[in-house]
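Contents: one structure, followed by commentary.
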Amino acid sequence: MASTGVLPFIRGVDLSGNDFKGGYFPEHVKCMSSLRWLKLNRTGLCYLPEELASLQKLEHLSVSHNSLTTLHGELSSLPNLRAVVARANNLKNSGVPDDIFQLDDLSVLDLSFNQLTEIPRDLENSRNMLVLNLSHNSIDAIPNQLFINLTDLLYLDLSDNKLDSLPPQMRRLVHLQTLTLNNNPLMHAQLR
Numbered sequence: 056m057a058s059t060g061v062l063p064f065i066r067g068v069d070l071s072g073n074d075f076k077g078g079y080f081p082e083h084v085k086c087m088s089s090l091r092w093l094k095l096n097r098t099g100l101c102y103l104p105e106e107l108a109s110l111q112k113l114e115h116l117s118v119s120h121n122s123l124t125t126l127h128g129e130l131s132s133l134p135n136l137r138a139v140v141a142r143a144n145n146l147k148n149s150g151v152p153d154d155i156f157q158l159d160d161l162s163v164l165d166l167s168f169n170q171l172t173e174i175p176r177d178l179e180n181s182r183n184m185l186v187l188n189l190s191h192n193s194i195d196a197i198p199n200q201l202f203i204n205l206t207d208l209l210y211l212d213l214s215d216n217k218l219d220s221l222p223p224q225m226r227r228l229v230h231l232q233t234l235t236l237n238n239n240p241l242m243h244a245q246l247r
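Residue numbers (the working numbering): 56 to 247.
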């Protein structure tokens with residue numbers, strides 16, 4: 056990829072489709088201090104680049120269709136992060152760090168098409184979550200306490216998992232506009 060020089064005024068960059076296998080990542084990205092969104096889809100990433108830590112204004116990060124096994128690293132150091140889209144990777148339960156759920160502005164999380172078998176442990180602390188997509192995983196249960204704090208949730212996709220029941224606390228989701236539950240072995244779903 057040709058050097059773009061130092062472009063501190065750039066608000067968004069789409070680097071999707073570039074080859075960042077083997078740890079290569081364009082160093083000049085960290086100089087883009089005004090960057091608000093960054094797309095790194097289909098780049099062969101196996102881990103999050105450490106250069107992300109320099110992007111203190113970053114609000115939206117998309118790292119879909121890569122080989123990520125973990126999101127540990129730089130995400131929790133990005134105070135303005137609102138959206139993380141990490142669909143179609145190789146994420147397992149231990150690969151989702153608890154500390155990202157301490158980010159005050161995190162409102163969109165897409166971990167669909169991964170290898171999760173349970174709901175991320177501290178997800179219940181994401182009080183500002185509006186959009187949550189955990190579809191196409193192997194999640195078999197929802198913790199009772201999950202929806203106690205997620206009352207502003209507007210969109211929830213739990214389709215294509217292994218859920219056989221839903222917790223009664225889902226009734227707390229009074230702002231929910233879209234709920235997708237198809238392709239689960241649901242035996243008991245009390246949503247009234």
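For each residue, glycine too, the CB sits at the ideal point set by N, CA and C.
query: Residues bridged to Ser-181 by DSSP?; result: Bridge partners of Ser-181: none, in fact.
query: Evaluate the contact criterion for the stretch 100 to 119 versus the stretch 147 to 157: three or more CB pairs, one atom per stretch, below 8 Å.; result: no
query: Using the DSSP secondary-structure output, state which residues sit across from Lys-94 in a beta bridge.; result: Asp-69 and Ser-117
query: For the candidate residues Thr-172, Gly-99, Leu-126 and Asn-183, whose alpha-carbon lies nearest to that of Tyr-79?; result: Gly-99
query: Excluding five sequence neighbours on each side, which residues of the same chain lie with their C-beta closer than 6 Å to the C-beta of Leu-234?; result: Leu-211
query: Determine the DSSP secondary structure at Val-151, reduced to helix, strand or coil.; result: coil
query: So which of Asp-165, Asn-239 and Leu-209 has the shortest CA-CA distance to Arg-227?; result: Leu-209
query: Between the alpha carbons of Leu-7 and Val-163, how many angstroms are there, rounded?; result: Here the chain has residues from 56 to 247 only, and residue 7 is not among them.
query: Would you identify the three-state DSSP class for Ser-220, choosing helix, strand or coil?; result: strand
query: With which residues is Thr-235 paired in a DSSP beta bridge?; result: Asp-212
query: What span of residues does the beta strand (DSSP E) with Asn-188 cover, start to end?; result: 186 to 188
query: So, with DSSP's three-state summary, where would you put Val-229?; result: coil
query: Would you report the Cα separation of Ser-132 and Lys-112, rounded to the nearest angstrom?; result: 11 Å
query: If you drop the 5 nearest sequence neighbours on each side, which residues of the same chain put their C-beta closer than 6 Å to that of Ser-117?; result: Lys-94, Asn-96 and Val-140
query: Could you give the DSSP three-state label for Ala-57: helix, strand or coil?; result: For Ala-57, the predicted structure reports a pLDDT of 46, less than 50, and the residue's modelled location is therefore unreliable. The matter cannot be settled from this model.
query: Am I right that Asn-160 and Leu-136 are in contact with their C-beta atoms under 8 Å? What's the rounded C-beta distance?; result: Contrary to the premise, residue 160 reads as Asp rather than Asn in this sequence. Indeed, because the Cβ distance is near 7 Å, the residues count as touching under 8 Å.
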